[in-house]
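Mapping of the sequence shown onto the UniProt record's numbering: position 119 corresponds to residue 119, and the numbering continues sequentially without gaps. Where is the CB? At the ideal position from N, CA and C, for every residue including glycine. Following: one structure in structure tokens, then a few remarks.
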Amino acid sequence: PSTTTNLILSCLSPRDIIAFSLSCKQNYEETLSYNRVAYSIDDLLSPRYFTIEETQCFRTVQALTGAVISGSTALQLFSRVRWTESDLDLYVEHYTGYLMAMFLNNIGYNFQPTERQKIDLADAYDQAEIDEIYDDGRGFASVFNFQRGTSKIQLVTATHSSIDIILNFHSTVVMNVITAYDAFCFYPLATFEKRISLMTFSDIGPDRERARVKYLERGWVLINAGGSIWKPNSLSYYSTLDCISLAPFHLSTPRHVGDHFSWTIRLP
């Protein structure tokens, strides 16, 4: 029976899972059992990026540095899917991030400097600290790429708060974070019940276009600020005459991480 229940739950949206769990005591207990597996941070990170032992060490370093997982990896936890082509994106304030960089280096991830970075990790990190005074306003201090085999990790350091960068993402579908203790989805109603993503007025360009197309292909409808449906290769923020309600985004309400509009998962 539990195998059948798990199969049913895997096809339901988060809101429907809650409704199912409230139908009777047995379904509630089986839903708890399903959630422990479906929203497992160990399953998300191991063995793709870390061993089980490394995952536990990583979470300790997370707690020490305040680093968060975001981007497509955080979305995968909430959506209960795995996209094999995605990298692990970590965001951390620059002044604590070197500890995370050294952890990755010490477990066998090799630093992959860009053309503008120094070859040595310590030197590259120090250089980024100097360059930080030229921050362009988007919150980035630097980006450090690491690779071990086919596994890739991108460590993004922030001049101030990681959240500054995350709230400047191309659209709301990827505005989710995983800390050492909790996972937060900022727009769960829009993202998982309506399957819509509101575009931000962040920089336009080929990289942003490719990122948005990627989530179109994964099943989300991207919408412009006025509620019109975004189309690839459109130069306008008003691509169609069709309008979708922006109510699931609660745009007129002051928000904070973990508020009652968020979806919070407490991690074991």
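| query | result |
| --- | --- |
| Beta-carbon separation (whole angstroms), residue 127 vs residue 143, contact threshold 8 Å | Rounded, the Cβ-Cβ distance is 13 Å, inconsistent with contact. |
| Residue closest to residue 248, alpha-carbon to alpha-carbon, out of 187, 259, 174 and 96 | 187 |
| Residues sharing a beta bridge with residue 123, DSSP | None; residue 123 has no bridge partner. |
| Option nearest residue 92 by Cα separation, candidates 164, 210 and 79 | 164 |
| Residue 76, DSSP secondary structure in three states | helix |
| Residue 151 vs residue 49 beta-carbon contact at 8 Å | yes |
| Rounded Cβ spacing between residue 178 and residue 69 (contact assumed at less than 8 Å) | 4 Å |
| Cβ neighbour criterion (16 or more within 10 Å) applied to residue 230 | buried |
| Closest by C-alpha distance to residue 45, when choosing among 175, 95, 213 and 58 | 58 |
| Inter-residue spacing [alpha-carbon to alpha-carbon] between residue 22 and residue 40 | 22 Å |
| Cross-strand partners of residue 70 (DSSP beta bridge) | 89 |
| Beta carbon of residue 94 nearer than 8 Å to that of residue 129 | yes |
| 8 Å contact criterion, which residue 181 and residue 267 should meet: CB distance rounded | 6 Å |
| Residue 200 to residue 256 span [Cα, whole Å] | 18 Å |
| Complete runs of the beta strand (DSSP E) confined to the region 183-268 [at least 3 residues] | 196-198, 221-223 and 263-266 |
| As assigned by DSSP and simplified to three states, the class of residue 152 | strand |
| Best match in 169, 223, 175 and 220 for proximity to residue 208 [C-alpha to C-alpha] | 169 |
| Identity of the residues DSSP links to residue 178 by a beta bridge | 69 and 183 |
| Outcome for residue 56 when other beta-carbon atoms lying within 10 angstroms are tallied against a minimum of 16 | exposed |
| Nearest candidate by alpha-carbon position, reference residue 215, set 105, 171, 15 and 167 | 171 |
| Alpha-carbon to alpha-carbon, residue 76 and residue 139 | 25 Å |
| Residue 159: CB within 7 Å of a non-hydrogen atom of the ligand PLP | Within the structure as shown, the ligand PLP is missing, as the structure has no ligands at all. |
| Close beta carbons around residue 67, own chain, < 6 Å, minus the five adjacent residues each side | 90, 92 and 100 |
| CB contact flag (residue 157, residue 227, <8 Å) | no |
| Status (buried if at least 16 other CB within 10 Å, exposed otherwise) for residue 106 | exposed |
| Residues near residue 14 in its chain [Cβ-Cβ closer than 6 Å; skip 5 each side] | 192 |
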